[in-house]
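For what it's worth, my numbering labels the leading residue of the sequence shown as 431, then goes sequentially. Worksheet for the structure shown next.
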Amino acid sequence: HEELAAIVTRSARILETPITPDGAMEIARRARGTARVANRLLRRVRDFAQVRGDGVVTGEIARAALDLLRIDPLGLDDMDRLILRTVMEKFSGGPVGLASLAVAVGEEKQTLEEVHEPFLIQSGLLKRTPAGRVATPLAFRHFGLTPPAADAAQGKLF
Numbered sequence: 431h432e433e434l435a436a437i438v439t440r441s442a443r444i445l446e447t448p449i450t451p452d453g454a455m456e457i458a459r460r461a462r463g464t465a466r467v468a469n470r471l472l473r474r475v476r477d478f479a480q481v482r483g484d485g486v487v488t489g490e491i492a493r494a495a496l497d498l499l500r501i502d503p504l505g506l507d508d509m510d511r512l513i514l515r516t517v518m519e520k521f522s523g524g525p526v527g528l529a530s531l532a533v534a535v536g537e538e539k540q541t542l543e544e545v546h547e548p549f550l551i552q553s554g555l556l557k558r559t560p561a562g563r564v565a566t567p568l569a570f571r572h573f574g575l576t577p578p579a580a581d582a583a584q585g586k587l588f
C-alpha cells in the first residue's frame, strides 16, 4: 500500500489538498490496489474534509468519509458485498455459475466478470472453479460467518 499512498500524497499535492500520511494510507488501503480508484477516492474524501472538517485529509477524516461512501476496510463496495453474500447465503458458499449469480444479484454477466470478479479473486475472497464461483474462507470470516466444512461444499456423491 506504500506505493499507492505515495501516489495519493502526490495527487493531493496537485489538488492543493493537505493530507497526512495516515490519511493517504487509509485511502490507499481501500483503493483496490488501483491508482485510478485511489485518485477518485481522494477527490471524494477531499470534498468530505472541506465540508465536515478543516480541509485536511487525516486518517480519521478518510475513515469517516469512506465509511459514509460504504467502502469497507478491504475496499469492498455495496455490489461486492452483495455478490459475496449471495454466493455465501443463497448458494451455500458455491459453486454457483456466472449466469445464476448474475440473475441473483441483478447484474449483467459481463459486468460481474469484468468489473467485480477480478478484484474479489485478487483479494482472495472468491475463487473461480470449473464448477462455478466459490466464496473462500476469508470471505466468510470477513462477514463474520463460519465457512462450510470442506466436504459439505463438495456435496455427497453417493
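A virtual CB, placed ideally from N, CA and C, is assigned to each residue, including glycine. No experiment lies behind these values; they were computed from the predicted model shown.
Residue 557 and residue 534 look like a contact to me (Cβ under 8 Å); what is the Cβ gap, rounded to whole Å?
Position 127 of the sequence shown, counting from 1, holds the residue named residue 557. Position 104 of the sequence shown, counting from 1, holds the residue named residue 534. Actually they are not in contact, since the Cβ atoms of residue 557 and residue 534 sit about 18 Å apart, beyond 8 Å.
Whose C-beta lies closer than 8 Å to the C-beta of residue 475 among residues of the same chain, with five residues either side of it excluded?
In the sequence shown, counting from the first residue as 1, residue 475 sits at position 45. Closer than 8 Å at Cβ, skipping near neighbours: 453, 457, 487, 491, 492, 495 and 496.
Note down, in chain order, each residue of its chain lying with its Cβ closer than 6 Å to the Cβ of residue 589, except the 5 sequence neighbours on either side.
The shown model of the chain, from 431 to 588, leaves out residue 589, and the question about it has no answer.
Alpha helix (DSSP H) containing residue 476: first to last residue?
Along the sequence shown, one-based indexing puts residue 476 at 46. That run of the alpha helix (DSSP H) goes 465–482.
In the region 524–555, which residue ranges form an unbroken alpha helix (DSSP H) of at least 4 residues, counting only runs that do not cross its ends?
Runs of the alpha helix (DSSP H) inside the region 524–555: 528–535 and 547–552.
For residue 504, which of 445, 555 and 450 has the nearest alpha-carbon?
Taking the sequence shown and counting its residues from 1, the one referred to as residue 504 is at position 74. Nearest of 445, 555 and 450 to residue 504, Cα basis: 555.
Can you tell me whether residue 564 is helix, strand or coil according to DSSP?
Counting from 1 along the sequence shown, the entry for residue 564 is found at position 134. The answer is strand: DSSP assigns residue 564 an E or B state.
Run the CB neighbour count on residue 548, radius 10 Å, all protein chains shown included, and call it buried at 16 or more, exposed below.
Working through the sequence shown from its first residue, we reach residue 548 at position 118. With fewer than 16 other Cβ atoms within 10 Å, it is exposed.
Residues in the same chain with beta-carbon distance under 7 Å from residue 483, minus the five sequence neighbours each way, listed in chain order, please.
What you label residue 483 is simply residue 53 of the sequence shown in a count that begins at 1. For residue 483, where only same-chain residues beyond five positions count, the Cβ hits under 7 Å are 491.
Tell me whether residue 437 is buried or exposed, calling it buried when 16 or more other Cβ atoms sit within 10 Å of its Cβ.
For the purposes of this step, residue 437 is taken as the residue at position 7 of the sequence shown. Per the 10 Å Cβ criterion, buried.
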